[in-house]
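Engineer: For what it's worth, numbering that gives the first Met the number 0 labels the leading residue of the sequence shown as 0, then goes sequentially. C-beta: ideal position from N, C-alpha, C; glycine also. All values reported here derive from a predicted model rather than from experimental measurement.
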Amino acid sequence: MRFFIELAYNGKHFFGWQIQKKVSTVEEELEYCLSKLLKTSINVVGASRTDKGVHAKQMFAHFDYERKIKNNFVDRLNVFLPKSIKVFNIFPVKKNIHARFDAIKRTYKYYLTREKNPFNEDLSWYCFYPLNIQTMNIASKKLMEYKDFSSFCKKKKKRKNEEENNICQIYHASWSENNNILCFTIEANRFLRSMVRAIIGRLIDVGRNKISINEFVKIIELRDSNFCKFIVPACGLFLTNILYTEEIFYEKKLE
C-alpha cells in the first residue's frame, strides 16, 4: 500500500529536506524513525525539496508499506522523532500516486521584520532597509506574466542528456504588512532551486529603489542565472501549503 504522511518541521538545524552525506536532513530523520518503528526499510519521497534552514508548516511525502498502519502510530512516531519535526497524519492513497509529481500547487511565505527581535531571529529576517511595499507589489504582479524563471534559479550541474526545465506557472505573488512584519506569499505549480529567495532578493532591490520595475522585468526576460545572486536568508521562508486533487484519496485519513 502507498501512504501519504503530512508533517511540519523547523528547518534551523537541518541541511534541507533531501538526504545528503554527513549532514542532518529531514528526510533522513523521517526514514530512520519510520524504518525503526515499522521494522522494515522505508524509503520516503517528499513533495518538495526545501533548502538548508527552510521551514515547512505543511509538507507531504509518500512511502510504501505492505501492512495496515494503526491509528496510534502517529503518536508513537512523534515521540521518536526530533522535537523539530511533527507528523500530523498518515493515510493511504491510491496506487502510484506520487507526493511530488501529483501536487498541483505549492505555497511559500517569507517573513521580514522591520524591528530587531531576538525571539524572531530564527523564523524571520530582520530587514533594516526602508522599503516601498507598493512598488514591490506592482513588481510582484509582473511575475504572473512569465513562465521561464531561469534568472531566479541557481546553476546546477546537468547530467548527460538531461534537459533543463525552468518553466513554472505562478498563480499568485504579493506582499502584506502587519505590525511591522512583512509577508511575501507566492503560489505556483512548482518552484526551482532557491527560486523564492532569489525573487525576494530582487523585489527587495525594487523596494529599495536600487532597480526599477522595468529593470526587474528585464531580469526575468533575460533568463540568465547569473542574476541569481542576492538570495535572502533561509530563516524567514516557510512552505505553508501543498495542494492535491481529491482523486488521490480512496479512504478516510487516519484519525
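Alpha helix (DSSP H) containing Thr134: first to last residue?
Structural biologist: Counting along the chain, the alpha helix (DSSP H) containing Thr134 begins and ends at Ile132 to Lys141.
Engineer: With respect to the alpha helix (DSSP H) encompassing Ala55, which residues constitute its N-terminal and C-terminal limits?
Structural biologist: No alpha helix (DSSP H) holds Ala55; the beta strand (DSSP E) holding it covers His54 to Asp63.
Engineer: Report yes or no: do three or more beta-carbon pairs, one from the stretch 172 to 187 and one from the stretch 96 to 115, lie closer than 8 Å?
Structural biologist: Contact holds: three or more Cβ-Cβ distances are below 8 Å.
Engineer: Go ahead and pull the three-state DSSP assignment for Lys288.
Structural biologist: No information on residue 288 is available, as it lies outside the stretch 0 to 254 that the chain covers here.
Engineer: Is Val25 near Tyr8, with beta carbons less than 8 Å apart?
Structural biologist: Their beta carbons are under 8 Å apart, which means Val25 touches Tyr8 by this criterion.
Engineer: Is Phe29 buried or exposed, if buried means 16 or more other CB atoms sit within 10 Å of its CB?
Structural biologist: Rather than Phe, the amino acid found at residue 29 in this sequence is Leu. Flag for Leu29 reads buried.
Engineer: Report the partner residues of Pro91 according to the DSSP bridge assignment.
Structural biologist: According to DSSP, which records beta bridges pairwise, Pro91 is partnered with Phe2.
Engineer: Let me confirm a value: His97 is counted as buried when at least 16 other C-beta atoms fall within 10 Å, else exposed. Which label applies?
Structural biologist: So His97 counts as exposed.
Engineer: Within 10 angstroms of the Cβ of Ser175, are there 16 or more other Cβ atoms? Answer buried if so, exposed if not.
Structural biologist: Ser175 comes out exposed.
Engineer: Determine the DSSP secondary structure at Arg201, reduced to helix, strand or coil.
Structural biologist: Here Arg201 sits in helix by DSSP.
Engineer: Nearest CA to the CA of Ser63: which residue from Phe2, Lys146 and Ser173?
Structural biologist: The amino acid at residue 63 is misidentified as Ser; the sequence shows Asp. Closest by alpha carbon: Phe2.
Engineer: Among the residues of its own chain, which have a CB less than 8 Å from the CB of Asn42, if the five just before and after it don't count?
Structural biologist: Answer for Asn42: Glu30, Phe62 and Asp63, listed in chain order.
Engineer: My output table needs one value for Ala172: the three-state DSSP class, helix, strand or coil.
Structural biologist: Here Ala172 sits in strand by DSSP.
Engineer: What are the start and end residues of the beta strand (DSSP E) that includes Phe237?
Structural biologist: Note, Phe237: beta strand (DSSP E), Leu236 to Leu242.
Engineer: Using C-beta distances below 8 Å, list every residue in its chain close to Tyr170, excluding the 5 sequence neighbours before and after it, in chain order.
Structural biologist: Contacts found: Lys104, Met143, Glu186, Ala187 and Asn188.
Engineer: Quick check: what's the CA-CA separation for Ala197 versus Ala233?
Structural biologist: Spanning the two alpha carbons is a distance of roughly 11 Å.
Engineer: Taking only three categories from DSSP, how would you classify Lys69?
Structural biologist: Reduced to three states, the DSSP call for Lys69 is coil.
Engineer: What is the DSSP secondary structure of Lys85, counted as helix, strand or coil?
Structural biologist: In this structure, Lys85 counts as strand in the three-state DSSP scheme.
Engineer: Give the C-beta separation of Val231 and Ile210 to the nearest angstrom, bearing in mind that I take them to be a contact with Cβ-Cβ under 8 Å.
Structural biologist: With 8 Å as the limit, Val231 and Ile210 do not qualify as a contact, their Cβ atoms being about 15 Å apart.
Engineer: Starting from Lys209, follow its DSSP beta bridges and name the residues at the other end.
Structural biologist: Beta-bridge pairing links Lys209 to no other residue.
Engineer: In chain order, what residues of the same chain lie with their CB nearer than 7 Å to the CB of Tyr243, ignoring the 5 residues before and after it?
Structural biologist: Closer than 7 Å at the Cβ level, and outside the excluded window around Tyr243, lie Asp101, Ala102 and Ile103.
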